[in-house]
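Take numbering that gives the first Met the number 0: the last position of the sequence shown gets the number 272, and nothing is skipped along the way. I have placed the structure first, in the form of structure tokens, so that the comments after it can refer back to it.
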Amino acid sequence: MSGATTMMKYVKAARVEDVPVGGKTVVEVEDRLLVLFHMPDGFFALDDVCTHDDGPLSDGVMGEKTLACPRHGAMFDIRTGAALTMPATRPTTAYSCKVENGDVLIAIGSATLAPETTSAEDMSAAPSSAPDKIASGMPILPKKDDCVVPPPNEAATAAAVVAASESGEISEDVLREALKAVIDPELFVNIVDLGLVYNVTVSDRKEDDKKHVVVEMTMTSPACPAGPQLLQGSKDAVMRVPGVGSNEVKLVMIPPWTPDRMTEAARDQLGIF
Ligand code: FES
């Protein structure tokens, strides 16, 4: 483990009896909210903030070694703070703990026990064209502030146009193919393979022979500032299919996106096995 601080001081956070073995609680230490875990091998503490989208980790479900974020299910290592599963890809901060005279003390300092995974420097160094990967196989994502929708994948659009022209009808499959042109700016995978497209419905328009299409889709992160561009990109992708006269793209956040919605193709692309 790296990153031990020279400015560290131990601060009382709880009494041993406050947290049963196998349990957790929220503590406030020096204006920080932390989750304190009492594991069979000792006490551990993490920042109470999920690095995916600020979910409250203190409400998460504990496993033997892991904590699952209550919002989208990202798993963190209780002992190191490492992000183990998507959609989180950056570690949360882990703090050293010790027990003295029945008091649980947490080390607070300028740096604590940052796990040897992704760092802020690594994140800024991530390429903009495709995600890099860290040792665990997880992609390194751009910071949300840099969230910019990549240009549409013209090959997907072309495939959908050909399929629509050949079949002479606009099916859900054709439209989903067209929507593969839209690339998620956080994961650099198309929105269909990521499982962001929930429903696609096609109906006849009254005024002509063209179709009206309604798409219901979600986002991996509601905080992504590129959300409006993603929705517009989806509208544009649908309109490029011959025979579509109008469309609506609705953003839905329920049910929330979870990584198990990804196709095998997306998993392959992200290097998740
Ligand atoms: S906020 Fe924690 S997984 Fe999304």
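Think of the CB as a built atom: it goes at the ideal place given N, C-alpha and C, for glycine as much as any other residue.
With a cutoff of 9 Å on beta-carbon distance, L186 and M216 are scored as not near each other. Contact between the stretch 81 to 98 and the stretch 28 to 48 is present, with at least three C-beta pairs closer than 8 Å.
In this structure, H211 keeps its C-beta atom at 9 Å or more from the C-beta atom of E176. By the criterion of a C-beta distance shorter than 8 Å, E16 is surrounded in its chain by G101, once the five residues flanking it on both sides are discounted.
When DSSP states are grouped into helix, strand and coil, R70 belongs to the coil group.
Partner residues in the beta bridge of G22, as assigned by DSSP, are H37. The three-state reading of DSSP puts E153 in helix, counting H, G and I together.
In the three-state reduction of the DSSP assignment, A265 falls in the helix class, which pools H, G and I.
Distance check between K8 and each of P254, L104 and T88 places L104 closest, using alpha-carbon atoms only. Here D183 has I190 and L193 as same chain residues with Cβ atoms under 6 Å from its own Cβ, once five neighbours each way along the sequence are excluded.
Here the alpha carbon of V10 sits roughly 17 Å from the alpha carbon of D47. Its Cα nearest to that of L174, the residue V243 stands out among G62, L230 and V243. Any heavy atom of ligand 1 counts here; residues with a Cβ closer than 5 Å to one of them, in chain order, are C49, H51, D52, G54, C68, R70, H71 and A73.
In this structure P258 is in contact with G72, their Cβ atoms being roughly 7 Å apart against a cut-off of 8 Å. In this structure, the CA atom of M238 is about 10 Å from the CA atom of G232. The C-beta separation of M74 from T88 comes to about 12 Å, leaving the pair out of contact by the 8 Å criterion. V20 and H37 do touch by the CB rule: their CB atoms are close to 5 Å apart, below 8 Å. Using a 10 angstroms sphere on the CB of M6, the tally of other CB atoms stays under 16, which defines it as exposed.
Distances from the alpha-carbon of V201 to those of M218, E168, L230 and L269 put E168 closest.
For N189, DSSP records a beta bridge to I182.
Minimum Cα-Cα distance from S245 among the listed residues K209, R266, R260 and D267 corresponds to K209. For A158, same chain residues with a beta-carbon under 6 Å away, outside a window of 5 residues either side, are E176 in chain order. If you look at A225, you'll find it isn't in any beta strand (DSSP E); DSSP assigns it neither H nor E. Contact annotation, I107 with E29: C-beta distance approximately 5 Å; criterion of less than 8 Å satisfied.
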